[in-house]
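In what follows, a structure is listed as structure tokens, so that the remarks can point back to it.
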Amino acid sequence: MRSLLLLTLSLWLTAPTLGLAQEAPSDDAPSEDRPTRTTEEAAPGQPRYLAAMRAELEAMRADGARCEALDPQRGQCRFTARGTTTGRAFEVQLVYSDRTDTIYFYVEDYLSAPPDAGSTPTVLRRLMELNWSLLIGKFEWDSTDGEVRLAIILNTDSNFDRRAFRSSVRAIGQLADRYHSELSRIARGD
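Under my numbering, residues 1152 to 1341 are what the sequence shown spells out, in order.
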């Protein structure tokens, strides 16, 4: 009987270390509105990685880079990427969210392929071919207005990867420049 009592007592005492005991959730428990963060502290009222995004864009000397907080969990940045072969200026948006743990990069007004245009099926076919071959980035088409976007999604769920961020900033400008002439020609029906 005594050994049974000792066994029960030892299990009861070690239960918290075995993960068997459950604590009541605290008021500061992680939630969608207050995700757990362990890497970087954000300024009050600012999304967690907005300052890091701003610093990286400044360090890269991104043309016209500016960032702002939309609310405590969402922010956005903008900059202009100038094509090296076309010389065209591409307006790049970065939308950051602590809720989804993503940075969504996209080129604003990259191309237009209206749903009723005769060249749109050919444009969409080429976009799908490119999406199949691209290692980073993707083309998106909005069927309501015909806007074509070039986009990149960078996950920030575990940390802010500065190398991946810089690679994405460079890649979106290079990809926009590389394919714009070809896709514009197809959209015009040439």
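All residues carry an ideal CB built from backbone N, CA and C; glycine is no exception.
Tell me, please, which residues DSSP counts as bridged to residue i.
i	result
Val1243	Phe1230 and Val1258
Asp1222	Arg1225
Ala1302	Tyr1257 and Lys1289
Arg1217	Arg1229
Ser1248	Arg1225 and Thr1253
For residue i versus residue j, is the C-beta distance shorter than 8 Å?
i	j	result
Phe1256	Leu1305	yes
Pro1198	Asp1249	yes
Thr1236	Asp1296	no
Asp1207	Phe1316	Before going further, note that residue 1207 is Glu rather than Asp in the sequence given. In contact: Glu1207 and Phe1316 (Cβ atoms closer than 8 Å).
Ala1194	Ala1203	no
Asp1343	Thr1307	With the chain covering 1152 to 1341 only, the question about residue 1343 has no answer from this structure.
Ser1263	Glu1291	no
Leu1334	Arg1277	yes
Assuming residue i and residue j form a contact by the criterion Cβ under 8 Å, report the distance between their Cβ atoms to the nearest whole angstrom.
i	j	result
Arg1300	Tyr1261	6 Å
Tyr1247	Arg1229	In fact, because the Cβ distance is near 12 Å, the residues do not count as touching under 8 Å.
Pro1265	Thr1271	7 Å
Does the beta-carbon of residue i have 16 or more other beta-carbons within 10 angstroms, so that it is buried, or is it exposed?
i	result
Gly1340	exposed
Thr1189	For Thr1189, the predicted structure reports a pLDDT of 44, less than 50, and the residue's modelled location is therefore unreliable. The matter cannot be settled from this model.
Gln1227	buried
Gly1288	buried
Leu1286	exposed
Stretch-stretch touch, CB-based, cutoff 8 Å, three pairs: the stretch 1200 to 1220 with the stretch 1307 to 1322:
yes
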